[in-house]
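Undergrad: For the sequence shown, numbering that gives the first Met the number 0 assigns the number 0 to the initial residue and increments by one for each residue that follows.
Glycine residues also receive a C-beta, built at the ideal position from the N, C-alpha and C atoms.
I'd like to ask you about the structure that follows.
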Amino acid sequence: MKVGDYVVRKKYHKDIIFVIERIEGEIAYLKGVEIRLLADSPLDDLEISTQIYREEKLDRELFCRPGILKGKVLHLDGDVRYLEMCLAKYEDLGLRVDGYHYKEADMPQVVIELLRKHRPDILVITGHDARHKDETYAHSADFVQTVRQARTFEKDKDRLIIFAGACQSNYEALIAAGANFASSPGRINIHALDPVYISSQIASESVKNYIDIERILDNTSCKTKGIGGIDTRGVARKVYPNRD
């Protein structure tokens, strides 16, 4: 095996697909391909994966409506590779997006400047996180502070919709800070593209409607154990006249 190979861990029943980031001796350091997770594993516990990506469940009907101005997304990500993956998916879905890579700890200092610059309808704050054995979190506090800063810029939860969190994040703290959607109610890992899925559904739903939150969460990778949220309006607006 070598750096760049896609692998699964036999010990964990091959549940998550990883890419090998580096190898030191008999230990491989891994990054989840779809799941926002960093790990390490003995080389002899790894197996080459024959599957790289799973198909996402998206409400494609939302993305085919003519004469609709969809919402704009500002995406902050603590991992540059996941950022690139997310930006490619936004582009595939025809959404307007501005994406930036910052360390999670730096996000509270830059978020207001970026909100002023881009004036998005939807803000995504994500990267890496983890819940430690002592009940502390790797980056939940950074995400909470970023949400709080964003809410000093725009308090209305229907004028600025916020998704915040990553794997195993402190869901309750993020919602209390002002996020519309957050991870992770069950303190589990989330799919790398879950923030894109949530924000794309909101960006494509009419401003006249509340989104069907139960349906949207049910179509995420881990359902309500991975992500939760509050009643939220869509942000898409119909263009008149429609000449299509």
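Quick one, are the C-beta atoms of Arg80 and Leu45 less than 8 angstroms apart?
TA: Reading the sequence shown from its first residue, position 81 is the one you call residue 80. Reading the sequence shown from its first residue, position 46 is the one you call residue 45. Cβ distance not < 8 angstroms, so Arg80 and Leu45 don't count as in contact.
Undergrad: Check each candidate in Phe142, Ser40, Glu33 and Met0 and name the one with the smallest Cα separation from Lys10.
TA: Position 11 of the sequence shown, counted from the start, is the residue given in the question as residue 10. Checked all of Phe142, Ser40, Glu33 and Met0; the closest Cα to Lys10 is Ser40.
Undergrad: Could you please give the first and the last residue of the uninterrupted beta strand (DSSP E) stretch that includes Arg147?
TA: Here residue 147 refers to the residue found at position 148 of the sequence shown. No beta strand (DSSP E) contains Arg147, which is instead part of the alpha helix (DSSP H) from Ser139 to Phe152.
Undergrad: What's the call for Asp43, buried or exposed, on a 16-neighbour Cβ count within 10 Å?
TA: By one-based count along the sequence shown, residue 43 stands at place 44. Exposed, because fewer than 16 other Cβ atoms sit within 10 Å of the Cβ of Asp43.
Undergrad: Quick one: what's got a C-beta closer than 6 angstroms to Gln148's C-beta in the same chain, skipping five residues either side?
TA: Taking the sequence shown and counting its residues from 1, the one referred to as residue 148 is at position 149. So the qualifying residues of the chain are Pro107, Val110 and Ile111.
Undergrad: Out of curiosity, what's the CA-to-CA distance linking Leu75 and Glu23?
TA: As a first step, residue 75 is located in the sequence shown; it is residue number 76 there, counting from the start. As a first step, residue 23 is located in the sequence shown; it is residue number 24 there, counting from the start. C-alpha separation (whole angstroms): 31 angstroms.
Undergrad: On the DSSP letters alone, give me the boundaries of the alpha helix (DSSP H) that Thr223 sits inside.
TA: Residue 223 sits at position 224 when you count from the first residue of the sequence shown. Taken as a continuous stretch (DSSP letters only), the alpha helix (DSSP H) holding Thr223 covers Lys222 to Gly225.
Undergrad: Got a sec? Which residues, its chain only, sit under 6 angstroms from Asp97 by beta carbon, not counting five neighbours each side?
TA: Position 98 of the sequence shown, counting from 1, holds the residue named residue 97. If we look at Asp97 and ignore the five residues flanking it on each side, its Cβ neighbours are Leu73 and His117.
Undergrad: Can you tell me whether DSSP reads Ala129 as helix, strand or coil?
TA: The sequence position of residue 129 within the sequence shown is 130, counting from 1. If DSSP states are grouped into helix, strand and coil, Ala129 belongs with coil.
Undergrad: Within the same chain, show all residues whose beta-carbon is closer than 6 angstroms to that of Arg254, passing over the 5 residues directly before and after it, in chain order.
TA: Residue numbering for the chain in the displayed model covers 0 to 243; residue 254 lies beyond these limits and cannot be assessed.
Undergrad: Quick check: the Cα distance between Glu153 and Leu159, rounded to an integer number of angstroms?
TA: On the sequence shown, residue 153 is found 154 positions in, with the first residue counted as 1. On the sequence shown, residue 159 is found 160 positions in, with the first residue counted as 1. Near 6 angstroms, if we compare the C-alpha coordinates of Leu159 and Glu153.
Undergrad: Are the beta-carbon atoms of Lys156 and Thr231 separated by less than 8 angstroms?
TA: Along the sequence shown, read from residue 1 onward, the residue named residue 156 stands at position 157. Along the sequence shown, read from residue 1 onward, the residue named residue 231 stands at position 232. Against a cut-off of 8 angstroms, the Cβ pair of Thr231 and Lys156 comes out as a contact.
Undergrad: For Tyr11, list the residues DSSP reports as bridge partners.
TA: The count along the sequence shown starts at 1 and reaches residue 11 at position 12. According to DSSP, Tyr11 bridges with nothing at all.
Undergrad: Report the rounded CA-to-CA distance for Thr125 versus Lys1, giving the unit in angstroms.
TA: Looking up residue 125 in the sequence shown gives position 126. Looking up residue 1 in the sequence shown gives position 2. Distance between the alpha carbons of Thr125 and Lys1: 29 angstroms.
Undergrad: At the level of alpha carbons, what is the spacing between Glu90 and Ile197?
TA: Reading the sequence shown from its first residue, position 91 is the one you call residue 90. Reading the sequence shown from its first residue, position 198 is the one you call residue 197. Their backbone Cα atoms lie some 15 angstroms apart in a straight line.
Undergrad: Would you report the Cα separation of Asp4 and Lys13, rounded to the nearest angstrom?
TA: For the purposes of this step, residue 4 is taken as residue 5 along the sequence shown, with counting starting at 1. For the purposes of this step, residue 13 is taken as residue 14 along the sequence shown, with counting starting at 1. When rounded, the distance between both Cα atoms is 15 angstroms.
Undergrad: Taking only the alpha-carbon atoms, compute the straight-line gap between Lys224 and His127 and give it to the nearest angstrom.
TA: Translated into the one-based positions of the sequence shown, residue 224 becomes position 225. Translated into the one-based positions of the sequence shown, residue 127 becomes position 128. Each residue's alpha carbon lies about 17 angstroms from the other.
Undergrad: Just to confirm, are Ala165 and Ile174 a CB contact at a threshold of 8 angstroms?
TA: The residue labelled residue 165 in the question sits at position 166 within the sequence shown. The residue labelled residue 174 in the question sits at position 175 within the sequence shown. The answer is no: Cβ separation not under 8 angstroms.
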